[in-house]
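For the sequence shown, the UniProt record's numbering begins at 1 and goes up steadily by one. The structure appears below as structure tokens.
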Amino acid sequence: MALQLWENLKDSIFDYTGLSPTTFFTVVALGLALYYVVSGFFSSPDHVHHQRSRNFEEQMEPLPPPVQLGEISEEELKQYDGSDPKKPLLMAIKGQIYDVSQSRMFYGPGGPYALFAGKDASRALAKMSFDEKDLTGDISGLGAFELDALQDWEHKFMSKYVKVGTVKQTVVPVSDGAANSEHVEANNHDAKPAEGGAPESVEPSENADPRNEASSDSIPAETVNKFDGDADKKE
Numbered sequence: 001m002a003l004q005l006w007e008n009l010k011d012s013i014f015d016y017t018g019l020s021p022t023t024f025f026t027v028v029a030l031g032l033a034l035y036y037v038v039s040g041f042f043s044s045p046d047h048v049h050h051q052r053s054r055n056f057e058e059q060m061e062p063l064p065p066p067v068q069l070g071e072i073s074e075e076e077l078k079q080y081d082g083s084d085p086k087k088p089l090l091m092a093i094k095g096q097i098y099d100v101s102q103s104r105m106f107y108g109p110g111g112p113y114a115l116f117a118g119k120d121a122s123r124a125l126a127k128m129s130f131d132e133k134d135l136t137g138d139i140s141g142l143g144a145f146e147l148d149a150l151q152d153w154e155h156k157f158m159s160k161y162v163k164v165g166t167v168k169q170t171v172v173p174v175s176d177g178a179a180n181s182e183h184v185e186a187n188n189h190d191a192k193p194a195e196g197g198a199p200e201s202v203e204p205s206e207n208a209d210p211r212n213e214a215s216s217d218s219i220p221a222e223t224v225n226k227f228d229g230d231a232d233k234k235e
């Protein structure tokens with residue numbers, strides 16, 4: 001019975017298509033494969049993106065709540081660059097540290113902004129630079145346009161991420177040699193006489209003879225006698 005049906009099917013395929021059964025089924029298989037390939041190009045992008053996002057969310061574990069770290073140094077901040085998946089992913093702007101773990105695809109390892117993680121990248125964000133020398137919190141010498149760009153980044157982080165601490169400011173100690181040189185220069189400056197100043201007054205000596213001072217101010221005796229003689233002649 002089955003053999004008779006197969007013989008009838010082969011005769012029908014040849015009568016309607018002019019092809020042998022082997023060629024006919026090969027053409028049908030190639031047509032189905034082509035259909036699935038072409039339909040993949042014209043499928044809805046939103047549907048594909050939604051499906052990928054759903055699969056990614058299923059693989060991701062729920063993030064722990066942000067932990068407040070307080071004030072930490074730049075070396076301690078480097079430990080939160082995403083290399084350890086058990087630690088939060090942190091990044092700082094203008095000395096303020098934010099937890100960016102929810103954007104690990106951007107700031108985590110392999111992301112486009114991974115080099116900013118674990119650092120205060122204020123200067124790099126202001127200049128939109130990826131140079132190693134700009135990965136610092138020093139923003140001195142930036143122009144108005146760059147400072148405005150940095151301000152926009154700061155507002156974005158404040159509205160999207162949780163602040164968990166601040167970067168400890170490092171104070172450069174002053175060496176003893178520099179302090180001594182400054183002290184010597186200050187003393188030399190104080191000892192130098194003022195240019196164009198009035199001469200110092202000379203105080204009288206305590207051992208000076210008061211009779212000499214009185215005689216210098218009195219009229220000579222000869223002059224007094226001369227005046228007396230002239231007065232007698234006139235009388």
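Ideal Cβ positions, reconstructed from N, Cα and C, are used throughout, including at glycine. Source: prediction; values computed, not measured.
A Cβ-Cβ contact shorter than 8 Å links V162 with Y98. The C-alpha of Q96 is placed about 21 Å away from the C-alpha of D84. When only Cα atoms are considered, G108 and G82 end up about 5 Å apart. Straight across, the Cα-Cα distance linking L19 with E7 is about 14 Å.
Counting only the Cα atoms, Q79 lies some 21 Å from P62. Only exposed fits M158, as fewer than 16 other CB atoms lie within 10 angstroms of its CB. Under DSSP, L90 takes part in a beta bridge, and its partners are D99.
Going by DSSP, E146 is part of the alpha helix (DSSP H) stretching over 144-160. Taking C-beta atoms under 8 Å as the contact rule, A92 and G141 fail to qualify, at a distance of about 19 Å. Residue range 74-77 is occupied by the alpha helix (DSSP H) that includes E76. Note that the C-beta distance between G165 and I72 is below 8 Å. When the beta-carbon positions are compared, A126 and E146 come within less than 8 Å of each other.
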